[in-house]
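Residue numbers (my numbering): 11 to 308.
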């Protein structure tokens with residue numbers, strides 16, 4: 011690609027969006043605005059946040075409301091109904107119990123996603139995303155989002171040239187199986203971009219000179235299960251993706267959000283009660299890491 015700077019923003023439900031908001035808010039207060047990136051790759055929660063960042067809506071919202079009092083109410087609107095019916099439970103169980111990331115396994119989850127009678131349907135979910143993102147027009151040709159084709163199990167990377175609105179692309183990228191959506195990207199019905207072996211898709215940033223990779227968990231499957239930081243049983247290729255980026259010549263800093271201090275485990279990445287703790291956790295981390303990232307970003 012030959013681009014200078016890149017962001018990879020992985021998925022992790024409402025807790026990771028909350029962490030992103032706090033973290034990037036703290037960085038901006040310290041004089042570092044990462045929205046000047048040459049490429050942003052967003053998956054699931056990362057797609058929503060990347061779109062907010064790239065179109066400036068994050069800073070507009072930040073200027074209009076109190077970060078720790080008003081903003082959590084905005085984020086909570088992304089959380090679907092938490093009382094699940096049997097079709098939703100089936101999809102979630104298939105995702106949790108999957109053993110490999112073969113096309114057949116992804117397709118099995120895709121079938122369950124298509125068969126789930128979700129309380130938050132496609133149209134309603136897109137409207138919620140649009141309110142959060144702020145605009146439907148693609149904010150930049152530097153933004154990429156990912157999704158998974160429910161029927162074929164293939165990855166889909168969406169960009170400005172795809173002629174798909176931002177809200178639709180983000181809705182597809184974050185259509186958690188058994189939670190919301192699934193969402194049509196033109197004529198392909200899609201679920202969450204993390205419904206596979208990766209929630210980061212670092213390879214989309216291959217060739218970028220400096221890459222900041224953000225993830226909820228550290229890529230260690232044992233840790234992810236212990237802390238309940240992953241929504242599926244798919245193996246996690248994050249650590250290999252980081253090795254591949256570096257082997258291809260990129261300078262890489264990987265930042266793991268993890269859990270707030272004193273929190274041993276979470277019950278769900280979509281628990282709205284965790285919004286404020288993760289926002290504050292992100293804010294404190296952003297303040298502590300701003301100098302290091304300024305030196306790296308240049």
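Note that the Cβ used here is the ideal one computed from N, Cα and C, for glycine as well.
- If the five residues before and after residue 177 are omitted, its C-beta is found closer than 7 Å to the C-beta atoms of 136, 139, 140, 143 and 146, all from its own chain and listed in chain order.
- Between residue 154 and residue 120, the C-beta gap is not smaller than 8 Å, which leaves the two residues out of contact.
- The residue from 264, 202, 265 and 197 with its alpha-carbon nearest to that of residue 53 is 202.
- Two segments are said to touch when three or more pairs of C-beta atoms, one from each, lie closer than 8 Å; by this definition the region 32–47 does not touch the region 239–253.
- Bounds of any beta strand (DSSP E) do not take in residue 35; it lies within the alpha helix (DSSP H) bounded by 23–39.
- In the structure shown, residue 176 adopts helical secondary structure according to DSSP, grouped into three states.
- Remark: C-beta atoms of residue 16 and residue 215 approach each other more closely than 8 Å.
- Counting C-beta pairs closer than 8 Å gives fewer than three between the region 216–224 and the region 179–192, which falls short of the contact rule.
- Contact check for residue 195 and residue 223: beta-carbon distance about 24 Å, past the 8 Å limit, so the pair fails to qualify.
- Contact fails between the region 23–30 and the region 97–117, because fewer than three Cβ pairs, one in each stretch, are under 8 Å apart.
- Considering only 210, 239, 47 and 279, the residue with the shortest C-alpha distance to residue 66 is 47.
- The alpha-carbon separation between residue 98 and residue 18 amounts to approximately 29 Å.
- Taking each of 209, 89, 118 and 114 in turn and checking the Cα distance to residue 103, the smallest one comes out for 118.
- In the structure shown, the three-state DSSP call for residue 161 is coil.
- In this structure, the straight-line span from the alpha carbon of residue 253 to that of residue 259 is close to 10 Å.
- If you draw a 10 Å sphere on the C-beta of residue 182, you find 16 or more other C-beta atoms in it, and that means buried.
- For residue 261, the pairing in a beta bridge is given by DSSP as 220.
- Residue 289: member of the alpha helix (DSSP H) spanning 285–307, first to last residue.
- Contact between residue 205 and residue 242 holds: CB atoms are separated by about 6 Å, below the 8 Å threshold.
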